[in-house]
Amino acid sequence: MYASRLTGDHAQAEDLVQEAWVLFEQQNKIEISAPVHYFKTIMRNLFRFSYRRQKLEKTKDTDFDNASRMIADLAPSPEQVADARWQVSKLLDQIEAMPPRQTAAIKMYYFEGLKLREIAAELNISVSFAQSLIADGIEACTNTRATGE
Numbered sequence: 006m007y008a009s010r011l012t013g014d015h016a017q018a019e020d021l022v023q024e025a026w027v028l029f030e031q032q033n034k035i036e037i038s039a040p041v042h043y044f045k046t047i048m049r050n051l052f053r054f055s056y057r058r059q060k061l062e063k064t065k066d067t068d069f070d071n072a073s074r075m076i077a078d079l080a081p082s083p084e085q086v087a088d089a090r091w092q093v094s095k096l097l098d099q100i101e102a103m104p105p106r107q108t109a110a111i112k113m114y115y116f117e118g119l120k121l122r123e124i125a126a127e128l129n130i131s132v133s134f135a136q137s138l139i140a141d142g143i144e145a146c147t148n149t150r151a152t153g154e
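Residue numbering for the sequence shown follows this note's numbering, starting at 6 and increasing by one per position.
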């Protein structure tokens, strides 16, 4: 009843009592001379703290259920996921269709994270040629993606 008078809402009052009870149970009850009064003090302090926080955050009287429905879902739709997978598959097919050294250079650079000098050493080519192979391959992939072929 005391919590309902504080909050003015039955559901909030129940939450307040439960939270106060958790804090009350953590105390050494031997030292508490008036447990009922102490419990009410805990509830009052919790209510004041939550009221101040709501006032500070301007969340008092906010309908959180309605607000959560208004927030856009950032997860991609199934169609977007399928389209992205199709595009990735198409790009991987195009990379595989490139000359072997170019395919190897692109895979080492983008999938294995090797540096240009490491790729050049692995393929026994110059660093500038490794860079050229990768740039030309990525340009071809970009053009294919732009044209949708």
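For every residue, glycine included, the Cβ atom is placed at its ideal position computed from N, Cα and C.
What you are looking at is a predicted structure, and each value in this text was computed from that prediction instead of being measured.
Starting from glutamine 99, trace the alpha helix (DSSP H) both ways and give me its first and last residue.
To locate residue 99, count along the sequence shown from 1; it is residue 94. Counting along the chain, the alpha helix (DSSP H) containing glutamine 99 begins and ends at 83 to 102.
Mind the definition here: the segment 132 to 146 touches the segment 92 to 105 only if three or more C-beta pairs lie below 8 Å; say whether that holds.
They touch, by the three-pair rule.
Express the C-alpha separation of glutamine 92 and valine 86 in angstroms, rounding to a whole number.
To locate residue 86, count along the sequence shown from 1; it is residue 81. To locate residue 92, count along the sequence shown from 1; it is residue 87. Computed Cα separation, rounded: 10 Å.
Looking at C-alpha atoms only, which residue of Gly142, Asp70, Arg122, Ser131 is the closest neighbour of proline 105?
Working through the sequence shown from its first residue, we reach residue 105 at position 100. Of the candidates Gly142, Asp70, Arg122, Ser131, the residue whose Cα lies closest to the Cα of proline 105 is Gly142.
By DSSP, does alanine 145 sit in helix, in strand, or in coil?
Along the sequence shown, read from residue 1 onward, the residue named residue 145 stands at position 140. Correct three-state label for alanine 145: helix.
Could you spell out where the alpha helix (DSSP H) holding leucine 129 opens and where it closes?
The sequence position of residue 129 within the sequence shown is 124, counting from 1. What sits at residue 129 in the sequence shown is asparagine, not leucine. Unbroken run through asparagine 129: none, as it is neither H nor E.
What residue does the alpha helix (DSSP H) around alanine 80 start on, and which one ends it?
For the purposes of this step, residue 80 is taken as the residue at position 75 of the sequence shown. Run containing alanine 80: none; DSSP gives neither H nor E here.
Where do the N-terminal and C-terminal ends of the alpha helix (DSSP H) with glutamine 107 fall, by residue?
As a working note, residue 107 is residue 102 in the sequence shown. First-last of the alpha helix (DSSP H) with glutamine 107: 105 to 111.
For tyrosine 115, is the classification buried or exposed, using 16 other Cβ atoms within 10 angstroms of its Cβ as the cut-off for buried?
By 1-based counting over the sequence shown, the position of residue 115 is 110. Tyrosine 115 comes out exposed.
Might you give, ordered along the chain, the residues of its own chain that have their beta carbon closer than 8 Å to the beta carbon of histidine 15, omitting 5 neighbours on each side?
The residue labelled residue 15 in the question sits at position 10 within the sequence shown. Excluding sequence neighbours, histidine 15 sits near Ser9.
When every heavy atom of the ligand SAM is checked, does at least one fall within less than 7 Å of the C-beta of glutamate 19?
Absent from the structure shown: the ligand SAM. Ligands present: none.
So, helix, strand or coil for aspartate 14, using DSSP?
The count along the sequence shown starts at 1 and reaches residue 14 at position 9. Taken through DSSP and simplified to helix, strand or coil, aspartate 14 comes out as coil.
So the candidates are Lys112, Ala135, Leu11, Asn33; which of them puts its Cα closest to the Cα of methionine 48?
Here residue 48 is taken as the residue at index 43 of the sequence shown, counted from 1. Of the candidates Lys112, Ala135, Leu11, Asn33, the one whose C-alpha sits nearest the C-alpha of methionine 48 is Leu11.
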